[in-house]
Amino acid sequence: MQQAPDFVPCLERWITPAISLLGQRLQAQNGLDDHERPIILDAARLHLEQQLHSKVARTLVLDINALRVQGRLQADGAEARWDEYLQIAASPAHWQTLGAQYPTLLERLQWIVDHKLAFIERVAAHFATDRERLADLLGQASGALLAVEWAKGDSHNGGAGVALIRCTGGTVVYKPRPLNTDIALAGFLDVALAEVPVHRRVRVPAVLDRGSYGWSAFVEHRHANGEQELKDFYRNMGHWLAIMRLLGGTDFHGENVIAQGCLPIIVDCETLFCPRTELKPSGFGEAIDRADEALFASLMKTGLLPGRGASLGWRGVDNSGMGNIRQQQPRISVPTLVDAGRDTVKLGQAMVEVEIAKNHPCEEPMLERYWGQVLEGYDEITARLRAMHQSGGLAPLLDAFKPCHVRLVPRATEVYAELVRMLWHPISLADEGQARVRARALLGRAAAVISTAPSDPKVIEAEIDDMLRGDIPYFHSTAGHGQMQGPGGTHWLPVCDLVQHCLDDWLNSDQVLDRDIIKGSLLSAYLNDGWMPSEISFRVASPSSDDLDARRRRWAREIVERFISTAIRGRDGSVTWIAPTLGATGWGIQAIDQNLYGGNAGVALFLAAYQTEAAAGRADAVPGVTPLLDAVLQTMKQGLYRQVELQRAAGKVRPHQPGAYLGIGSQIWGWLKLEALGVAKPYALECAALVAEYMQGSIEADQTYDILAGAAGAIPALLALAQRSGQAAHLDLARAAGDHLLAAARRSEGRACWPTAPAPEGMGGFGHGAAGIGWALLKLHQGCGEARFFDGAREALAFEESLFDPADANWRDLRHLDGVNCSTAWCHGAVGNGLAYLDLVPLLGEELVRQRVRQAAGVSHRLGLGWNHCACHGDASVLELLQEAADRGLAPRGVSRDSALAELLSSLDAHGSRCGITNEVFSPSLMTGPGGIAYQLLRAHPDAELPSFVRP
1 MQQAPDFVPC
11 LERWITPAIS
21 LLGQRLQAQN
31 GLDDHERPII
41 LDAARLHLEQ
51 QLHSKVARTL
61 VLDINALRVQ
71 GRLQADGAEA
81 RWDEYLQIAA
91 SPAHWQTLGA
101 QYPTLLERLQ
111 WIVDHKLAFI
121 ERVAAHFATD
131 RERLADLLGQ
141 ASGALLAVEW
151 AKGDSHNGGA
161 GVALIRCTGG
171 TVVYKPRPLN
181 TDIALAGFLD
191 VALAEVPVHR
201 RVRVPAVLDR
211 GSYGWSAFVE
221 HRHANGEQEL
231 KDFYRNMGHW
241 LAIMRLLGGT
251 DFHGENVIAQ
261 GCLPIIVDCE
271 TLFCPRTELK
281 PSGFGEAIDR
291 ADEALFASLM
301 KTGLLPGRGA
311 SLGWRGVDNS
321 GMGNIRQQQP
331 RISVPTLVDA
341 GRDTVKLGQA
351 MVEVEIAKNH
361 PCEEPMLERY
371 WGQVLEGYDE
381 ITARLRAMHQ
391 SGGLAPLLDA
401 FKPCHVRLVP
411 RATEVYAELV
421 RMLWHPISLA
431 DEGQARVRAR
441 ALLGRAAAVI
451 STAPSDPKVI
461 EAEIDDMLRG
471 DIPYFHSTAG
481 HGQMQGPGGT
491 HWLPVCDLVQ
501 HCLDDWLNSD
511 QVLDRDIIKG
521 SLLSAYLNDG
531 WMPSEISFRV
541 ASPSSDDLDA
551 RRRRWAREIV
561 ERFISTAIRG
571 RDGSVTWIAP
581 TLGATGWGIQ
591 AIDQNLYGGN
601 AGVALFLAAY
611 QTEAAAGRAD
621 AVPGVTPLLD
631 AVLQTMKQGL
641 YRQVELQRAA
651 GKVRPHQPGA
661 YLGIGSQIWG
671 WLKLEALGVA
681 KPYALECAAL
691 VAEYMQGSIE
701 ADQTYDILAG
711 AAGAIPALLA
721 LAQRSGQAAH
731 LDLARAAGDH
741 LLAAARRSEG
751 RACWPTAPAP
761 EGMGGFGHGA
771 AGIGWALLKL
781 HQGCGEARFF
791 DGAREALAFE
801 ESLFDPADAN
811 WRDLRHLDGV
821 NCSTAWCHGA
831 VGNGLAYLDL
841 VPLLGEELVR
851 QRVRQAAGVS
861 HRLGLGWNHC
871 ACHGDASVLE
881 LLQEAADRGL
891 APRGVSRDSA
901 LAELLSSLDA
911 HGSRCGITNE
921 VFSPSLMTGP
931 GGIAYQLLRA
941 HPDAELPSFV
951 RP
């Protein structure tokens, strides 16, 4: 494939003299053959081209367009003018002109060239000196040099980085740092894992430590060979988690773990003995701070457990050592040249697949079968290490690490990378002083939150100096000293014995919490892929109708008691839970947020419903419910005011989603329903209106469109707010959401759908597709009387109806999961559509609505029960559909309100509350956790008047 045009020819003014000089220096080096020097030089040229092009491409795009607009390119045709520009920009004179426009550009480029040359020359000299010693790593003589890959990974300390050296005798990895930590860790593993057979024992690569640098054996990726190796691999992952919890290990992302059969091998272990991160008070409540501190201090900081990136360019990406799963990674946006090869070239963005590392032991990871092995391995080695401590053998073993090199990563590497891009933007090059001010402010704000992020102005300036040159700032020390040496000779953090610090932290750690975090994070990785557990039905063959009300009350009571017992409380009256949580970037384990789906709004709605029903005698009195509800309400209110304060201080920020379950709409709806239930009356309307102030920007940024997270979900909330507040502005916002949907619709043959990146052909269903969007547009028409919204609703439902399959008596699921034609879930299938169609008589007519509701209830009763009990895709929402259908005479034969309740209660009695994979970790989620089950049980009483949350 021919390479796309770029600006590399313009860079010859920098590259050719540099390569010529490097060639002269290599010629003077002994220990290199004549055929090896050109290999080094060719690799150096490629490396310089990549490094310089990434820094100046935006500036050259601006420059060529300026010359075109000014008429200074005279060739005939856009392609010819591109070639003309390459010739002009290759001249030293033109670079001097650029230097006048961008005062520090030439100096910064020269710095990169000089330091890259020095680094490459240094590695070549080390290779020439050490090549005979490399036989100890390769098992044979290194032989002739075949290839070099410079700076694999980030660049630090004056252009230095990891290099891959391929020889006829094998491949080795050059590392520009001491490798005594690797040696100490290997010795520690030999003792701590002495009871594990050597061939099944986790390890680090063999190394040759040369003091200021060293060589590491190259690890070849290999998939596991059979079931036993797979089990051993995941048990070994548990071993690593236990070991890194003790050693304070961090930054073990997917590229730092290589799967080799049954062994997960960590290939870069300099980030051990990380000091405990103490978070500054967030203002969201002490409970949230306690939860965040627990997560930061837990195994999450190792980087091994799955978690979603939130930084610009990495939103939703899971780069963890145990995640990084191909099937559930989002595509990410990267800069690219658009219209390259023409003088109209511009900088654009391209969506690309995330590069998948080699950290998995099989092509398609199947954690549903092996996550238990991870916990077994963690428990096994944790018990072994605690026994060693009790016998007095652990601390002396750790002493070997005290003189060893360790690195601290005080800020996320992707944050540094984004700042580097900002500092090399043409605007920053034109006014470096102002660029420094912006970078200084960003780094300072981070330091105000995280204690290990440098706050010393001298250190921050040194960090900026490094990034201006394209380096990622590097902080290092020895484990026994602890004070970090940073860029430019600066220092950060006090002198501290980090080994003792981590040992003390480990001794005081909460092992139960760590186990829950392991389970929650591993399971959340697979929730992002729509993964479901093995097909085990929890449906009971002969449901019992005995004592329905007593059983209903007992299950609701047991669930609310679990809410009370698992809450994390603050002394300021705040409260939260740590759980797998669905957010804008996917699933992750964290303190719950404010939304209805799995956050505070949903928890408060459930607790308020329980309080209401208990007061009416339809639920058992539980003493802790009211205090817990008060704490959740306080946390919601405090969190809202703090979020508004931060947004107003920051100015333009990424808007929250507008949806009815995830985002602003869910909070508005939640506050209003809480007020209707008699709680939060003094401030509920004020809070709902305050949230709505941010809806306009949220709607404008929306690219999801659906009920769950998109603009369709904003409509029912805004209509309710407009009715309650009497403010025309709130109805105007609902109209804006409707117009946003109409503008985004793709229409054909009287049908409308809403394609998104995950669903390019559009999507059906209530939670995510056309049924929910059409339902919302009809509600909007009924609220404001404007015909265009009725027409949009009709087109949406025409699309939904086109998906109806008479053979299955159900709607086709356009996700095409594992060959499944139709779904019965609330979010994508018959349950959600059946409930939505109950409101669509004005659009579809009484006869068709009754037919579709009868069909939806029939297929849901036949196929939708027994998968799990949650509301999103389980029996709790099926219960509502069946009871609604029974009330209208549309239920399947033999199904009544009581028999539908008996089905759910009998399954709960036989199996306990099952919520899919989140069942393994308690989640307070209304949609995917037991909260929604209990709410539906409360609502199932014939006299209950609780609002439906599956039809907002």
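Once you know that position 771 of the sequence shown is 771 in the UniProt record's numbering, the rest is easy, because the numbers rise by one and skip nothing.
All C-beta atoms, glycine included, are put in the ideal place defined by N, C-alpha and C.
{"Asked": "Find the nearest neighbour of Phe949 within the set Arg133, Ser298, Leu937, judged by alpha-carbon distance.", "Found": "Leu937"}
{"Asked": "From Val622 to Ala601, what distance separates their C-alpha atoms?", "Found": "20 Å"}
{"Asked": "If you check the beta carbons only, do Leu708 and Leu780 fall under 7 Å apart?", "Found": "no"}
{"Asked": "Spell out a yes or no on whether the region 541 to 561 and the region 891 to 910 are touching, meaning 3 or more CB-CB pairs, one atom from each, closer than 8 Å.", "Found": "yes"}
{"Asked": "Distance, Cα to Cα, Asp839 vs Trp775?", "Found": "8 Å"}
{"Asked": "Mind checking whether Ala441 and Ala447 have CB atoms under 7 Å apart?", "Found": "no"}
{"Asked": "With distance defined between alpha-carbon atoms, name the residue in Leu117, Ala720, Leu73, Leu718 nearest to Ala44.", "Found": "Leu117"}
{"Asked": "So does the region 928 to 945 actually touch the region 849 to 867, counting three or more Cβ pairs closer than 8 Å?", "Found": "no"}
{"Asked": "Between which two residues does the beta strand (DSSP E) harbouring Tyr163 extend?", "Found": "For clarity, residue 163 is Ala in the given sequence; the question names Tyr instead. Unbroken beta strand (DSSP E) run through Ala163: 160 to 167."}
{"Asked": "Whole angstroms is fine: what's the gap from Leu164's alpha carbon to Gly158's?", "Found": "19 Å"}
{"Asked": "Could you tell me which of Leu304, Gln855, Glu121, Glu270 sits nearest to Gly889, measuring between CA atoms?", "Found": "Gln855"}
{"Asked": "Assuming the contact rule is C-beta atoms closer than 8 Å, Pro178 and Asp209 should be a hit. Round their C-beta distance to whole Å, please.", "Found": "6 Å"}
{"Asked": "Return the bridge partner residues of His476 from the DSSP annotation.", "Found": "Arg407, Gln485"}
{"Asked": "Specify the secondary structure class of Cys915 as computed by DSSP and reduced to three states.", "Found": "strand"}
{"Asked": "Within 7 Å of any Cβ in chain D, is that where the Cβ of Gly261 sits?", "Found": "Absent here is chain D; the protein component of the structure consists of one chain."}
{"Asked": "Residue range of the alpha helix (DSSP H) that Arg438 falls in?", "Found": "432 to 447"}
{"Asked": "First and last residue of the beta strand (DSSP E) that includes Gly929?", "Found": "Unbroken run through Gly929: none, as it is neither H nor E."}
{"Asked": "For Pro281, which residues of its own chain have a beta-carbon under 8 Å away from its beta-carbon, when the five flanking residues on both sides are left out?", "Found": "Asp289"}
{"Asked": "Quick one: using the 10 Å Cβ neighbour count with 16 as the cut-off for buried, is His156 buried or exposed?", "Found": "buried"}
{"Asked": "With DSSP as the reference, label Cys10 as helix, strand or coil.", "Found": "helix"}
{"Asked": "Counting pairs of beta carbons, one from the region 240 to 249 and one from the region 374 to 391, are three or more of them closer than 8 Å?", "Found": "yes"}
{"Asked": "Can you find at least 3 beta carbon pairs, one from the region 699 to 718 and one from the region 759 to 776, that sit closer than 8 Å?", "Found": "yes"}
{"Asked": "Within the region 105 to 142, note down every full beta strand (DSSP E) run reaching 3 residues or more, in order along the chain.", "Found": "none"}
{"Asked": "Once DSSP output is grouped into helix, strand and coil, what is the label at Tyr174?", "Found": "strand"}
{"Asked": "Specify whether the region 631 to 647 and the region 556 to 575 touch according to this definition: at least 3 beta carbon pairs, one from each stretch, less than 8 Å apart.", "Found": "yes"}
{"Asked": "Round the Cβ separation of Leu733 and Leu718 to the nearest angstrom and send it over; I've been treating them as touching at under 8 Å.", "Found": "5 Å"}
{"Asked": "Got a sec, what are the start and stop residues for the alpha helix (DSSP H) Ala601 sits in?", "Found": "600 to 615"}
{"Asked": "Restricting to Cα atoms, I'd like to know which of Arg735, Arg648, Arg751, Gly762 is closest to Thr704.", "Found": "Gly762"}
{"Asked": "Would you say Leu797 and Leu843 are within 7 Å of each other, going by their C-beta atoms?", "Found": "yes"}
{"Asked": "Identify whether Ile699 lies in helix, strand or coil by the three-state DSSP scheme.", "Found": "helix"}
{"Asked": "Who are the near neighbours of Glu376 in its chain, counting only those whose CB is closer than 7 Å to its CB and skipping five residues on each side?", "Found": "Arg235, Gly238"}
{"Asked": "Give me, in chain order, the residues of the same chain whose beta-carbon lies closer than 7 Å to that of Ala224; leave out the 5 immediate sequence neighbours on both sides.", "Found": "Leu230, Phe233, Gly261, Cys262, Pro361, Cys362"}
{"Asked": "Would you decide whether Met322 is buried or exposed? Buried here means 16 or more other CB atoms lie within 10 Å of its CB.", "Found": "buried"}
{"Asked": "Taking the alpha helix (DSSP H) that Trp671 falls in, what are its first and last residues?", "Found": "664 to 676"}
{"Asked": "My assumption, with CB atoms under 8 Å, is that residue 954 sits in contact with Leu946. Please give the rounded CB distance.", "Found": "Absent from the structure is residue 954, since the part of the chain shown begins at 1 and ends at 952."}
{"Asked": "Rounded C-beta distance between Gln27 and Ala125? I'm assuming under 8 Å.", "Found": "The pair is not a contact, with the Cβ atoms about 13 Å apart (cut-off 8 Å)."}
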